[in-house]
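Okay, structure first, notes after.
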Amino acid sequence: MGTLGGAVFHLLHMPLPWTLGSMIFTMVAAVARAPIRAPLRLRPALVTVIGVMLGSGFTPDLIGHLDDWAISLGFLVLYLVLAGLLAVPFYQRFGGFDRVTAFCSGMPGGLMEMVTLGADLGGDERKIILAHAARIVVTICLVSFWFRIVEGQAVGSMMAKANPLGLEDIALLTLCGVIGAVAATRLKLPAATLMGPMLLSAVVHVTGLTASAPPALLIIIAQVLMGTIMGCRFLGAGTREVAQALALSFGATVMTLGLTLVFAALFAGIMMQTPAQIVLAYAPGGLTEMSLIALAMKAEVAYVASHHIARIALLVACAPLILTLLERRRTRRIAGADQTDASARGAPGE
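Laid out in structure tokens, this is it:
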């Protein structure tokens, strides 16, 4: 089903066809209760391939740009605060979500990280999963079509570089994938099978040991499988439940993407980046998906990926503390209200 969707979107010259086509076709099949199943056993391998590919976007002149990114990374903190102030109350008011579920649904962290955090803190795990799955779907679609239709930029499917692959390159890239995934897993890094290979691949590309990337066919296969897995996240969900999740996510995502466009328009000069680069770096999509779009657009993958990694790391590190402080504040407010009621009831007897 995923391959069929990717092929149809490719023939129709749609943006990011192999990912979007497989994702949308599979999502429709999942909601229609078709007998499909996600190839989850293949996910670590395909994410590793994508990680190695994304690392190939890091070039030897990267070091010279790090100072330029400091301002942009600083503005990212402000962006996350404002995005939370928009999205979290939106889920509470229009979705009826409790505080923890709304926070873990509205903040654009990594799907697995926010689901795990929400479940640990007593949130509704299913609502959080649907919210983030829908957020990624909506963001990919809106960003891809925006750049294709409004900006007139190509968002294609050829992800690999044209540099030929020699035996040494194949061996080096394979080692980046295997060693990177194992090391990152043992170090308990977030999105380990993606980040480990990507970081190790970035090192060998920045140092000039290789300029090659995985072959295009392998990348297309990885895209199809990624889209299929994302679409299968809606398995077991009813039509009404999926429609509500997509509607809520569409509203929240449009607000945060609007905020992204404001940041891109106002601060592009200060950040010393193009508005398109800022949109890709700040958009509330997944690390893998937005990096794929950046690579498809021939944007600076290192800049985009570093901002999404920073976003996920910040939210994973700060979310428990923020929720704890909010809960304490709510508890004190309730206790204060109870004391006021008790005083009011005791006043006539004094």
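Here the sequence shown stands for residues 0 to 349, where the numbers follow numbering that gives the first Met the number 0.
Backbone N, C-alpha and C define an ideal beta-carbon position, used for all residues, glycine too.
Note that the structure is a prediction, hence the values are computed from the model and not measured.
| Check | Outcome |
| --- | --- |
| Secondary structure, alpha helix (DSSP H): runs of 4+ residues fully inside the region 258-292 | 274-281 |
| Under the three-state DSSP convention, the category residue 106 falls into | coil |
| Beta-carbon proximity list for residue 195, same chain, < 6 angstroms, skipping 5 on both sides | 179, 180, 182 and 183 |
| Touching by the beta-carbon criterion (3+ pairs, under 8 angstroms), the region 245-263 and the region 71-86 | yes |
| Cβ neighbour criterion (16 or more within 10 Å) applied to residue 292 | buried |
| For residue 299, the three-state DSSP class (helix, strand or coil) | coil |
| Member of 72, 94, 99 and 57 whose CA lies at the smallest distance from the CA of residue 320 | 99 |
| Reference residue 271, options 72, 282, 236 and 309, closest by Cα | 72 |
| Proximal residues to residue 244 (C-beta, below 7 angstroms), its chain only, five neighbours per side dropped | 129, 130 and 133 |
| Where residue 206 sits in the DSSP three-state scheme | coil |
| Residue 330, buried or exposed, once every other Cβ within 10 Å from all chains shown has been counted against 16 | exposed |
| Own chain, CB closer than 7 angstroms to residue 3, minus 5 neighbours either side, in chain order | 24 |
| Three or more C-beta pairs below 8 angstroms linking the region 211-219 and the region 161-175 | yes |
| Rounded straight-line distance, which links the Cα of residue 288 to that of residue 16 | 12 angstroms |
| CB-CB length for residue 91 against residue 101, believed under 8 angstroms | 4 angstroms |
| Rounded distance between the beta-carbons of residue 19 and residue 226, thought under 8 angstroms | 7 angstroms |
| Separation of residue 314 from residue 365, as counted between CA atoms | Residue 365 lies beyond the stretch modelled for the chain, which goes from 0 to 349, so this question has no answer here. |
| Status (buried if at least 16 other CB within 10 Å, exposed otherwise) for residue 352 | Since the displayed the chain opens at 0 and closes at 349, residue 352 lies outside it and no answer follows. |
| Whole-Å CB distance - residue 218 paired with residue 22, under 8 angstroms assumed | Rounded, the Cβ-Cβ distance is 16 angstroms, inconsistent with contact. |
| Given 8 angstroms, three or more beta-carbon pairs between the region 30-41 and the region 225-239 | yes |
| Exposure label - residue 59; buried when at least 16 CB within 10 Å | exposed |
| DSSP three-state assignment for residue 237, whether helix, strand or coil | coil |
| Where residue 37 sits in the DSSP three-state scheme | coil |
| Option nearest residue 299 by Cα separation, candidates 6, 57, 198 and 116 | 57 |
| Buried or exposed (CB count within 10 angstroms, at least 16 for buried), residue 8 | buried |
| Simplified DSSP assignment, three categories, for residue 232 | coil |
| Neighbourhood of residue 221 by C-beta, 7 angstroms cutoff - its chain only, sequence neighbours within 5 removed | 45, 48 and 49 |
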